[in-house]
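Residue 1295 is where the sequence shown starts when you use the numbering used here, and the numbers rise one by one after that.
Here a beta-carbon is modelled for each residue, glycine too, at the ideal position from N, C-alpha and C.
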Amino acid sequence: MNETYSVVASIGTTVIADVFDALGHTPPILDNRLSTVGKARSFAGPAYTISGEPALYTGGDRAKLAAIDNMPAGVVAVWASGDAEGVCCFGDLLASSMFARGCVGAVVDGGVRDVSYLENLAMPVVSRYRTPAQGIGRWRVTSSQAPVRVRGALTEWLSIEPGDAIVSDSDGVIVIPTSLLDEVASKAAAWAQSDTNARNEILGGLPLLSALAKYGHL
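Here you go:
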């Protein structure tokens, strides 16, 4: 993880969302129904995008296997399921392959299975739902490393480009477009320090209205 991704991962999604508001942009937060498999762990990295669709077919999903085989180290795998329901995008074996390739986390706008294994895997996984049903014959990958659409929290859909920054923690998942990454990271670092100072003064008894006057936001 390079320094910028380490910074945004340590700062967290709430401050990043506040920075988007301050810049006049709707915070690009993924659907609030996404939840961490197991204990929430913070992670961040460039998006490696994979999209698919519900489909009835026979044979294996070679495009899905190729997308994972081609996954470089240090990325966050973003799976756009095409609003699939009831079936999984991947389970223990494919997650193991992603982890072996150095994937730092997976965000699945769809389903996963083998949850008891994923809970203990060193690679964090965030998903919309869990299911025992395999995707083979029911859902297939249609593209990788191309723009994808996933469900949003403040807008119905969010577009994610390959390489956009994905930040995930216990509060949710947010996207930072590549063009805004440096600006958002810089402003978020300053914002986080301001929040820390305000929190310390409030704990020391500073009235909230006085804190608002001093820091400009609460």
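Coarse secondary structure for residue i, derived from DSSP in three states
i: Thr-1320; result: coil
i: Asp-1489; result: helix
i: Ser-1336; result: coil
i: Ser-1329; result: strand
i: Val-1369; result: coil
i: Ser-1300; result: helix
i: Ala-1459; result: strand
i: Ser-1473; result: helix
i: Tyr-1509; result: helix
i: Ser-1480; result: helix
i: Ala-1357; result: helix
i: Ala-1311; result: helix
i: Ser-1345; result: strand
Whole-angstrom distance between residue j and residue i, CA atom to CA atom
i: Val-1444; j: Ala-1341; result: 13 Å
i: Trp-1451; j: Gly-1404; result: 14 Å
i: Gly-1446; j: Asn-1326; result: 8 Å
i: Ala-1349; j: Gly-1385; result: 18 Å
i: Val-1461; j: Val-1370; result: 9 Å
i: Ile-1496; j: Asp-1312; result: 19 Å
i: Gly-1396; j: Leu-1412; result: 15 Å
i: Ala-1459; j: Leu-1474; result: 9 Å
i: Glu-1347; j: Met-1392; result: 20 Å
i: Ala-1394; j: Arg-1493; result: 40 Å
i: Ala-1483; j: His-1511; result: 15 Å
i: Trp-1485; j: Phe-1314; result: 11 Å
Beta-carbon gap between residue i and residue j smaller than 9 Å
i: Ser-1375; j: Arg-1422; result: yes
i: Val-1398; j: Gly-1339; result: yes
i: Ala-1361; j: Val-1435; result: yes
i: Ala-1316; j: Lys-1508; result: no
i: Cys-1383; j: Ile-1323; result: no
i: Asn-1364; j: Ser-1438; result: yes
i: Ser-1390; j: Leu-1415; result: yes
i: Ser-1300; j: Ser-1464; result: no
i: Val-1442; j: Val-1372; result: yes
i: Pro-1418; j: Gly-1306; result: no
i: Ile-1468; j: Pro-1321; result: yes
Nearest candidate by alpha-carbon position, reference residue i, set the options
i: Lys-1519; options: Leu-1387, Ala-1367, Glu-1495 and Leu-1502; result: Outside the displayed range of the chain (1295 to 1512) lies residue 1519, so it cannot be described from this structure.
i: Ile-1430; options: Thr-1352, Ser-1304 and Ser-1390; result: Thr-1352
i: Pro-1426; options: Thr-1298, Asp-1408 and Gly-1466; result: Asp-1408
i: Arg-1356; options: Thr-1330, Thr-1308, Ala-1394 and Trp-1433; result: Trp-1433
i: Gly-1457; options: Leu-1448, Ile-1468 and Thr-1472; result: Thr-1472
i: Thr-1308; options: Val-1406, Thr-1449 and Ala-1479; result: Ala-1479
i: Val-1406; options: Ile-1470, Ser-1329 and Ile-1310; result: Ser-1329
i: Ala-1334; options: Gly-1368, Gln-1428 and Val-1401; result: Val-1401
i: Gly-1466; options: Ala-1303, Ala-1486, Glu-1297 and Ala-1505; result: Ala-1303
i: Thr-1449; options: His-1319, Ile-1310, Thr-1298 and Asn-1296; result: His-1319
i: Ile-1310; options: Asn-1296, Ile-1470 and Gly-1498; result: Ile-1470
Can you list, in chain order, the stretches of the beta strand (DSSP E) that have 3 or more residues and sit fully within the segment 1373–1455?
-> 1382–1384, 1399–1406, 1419–1424, 1433–1438, 1442–1445 and 1451–1454
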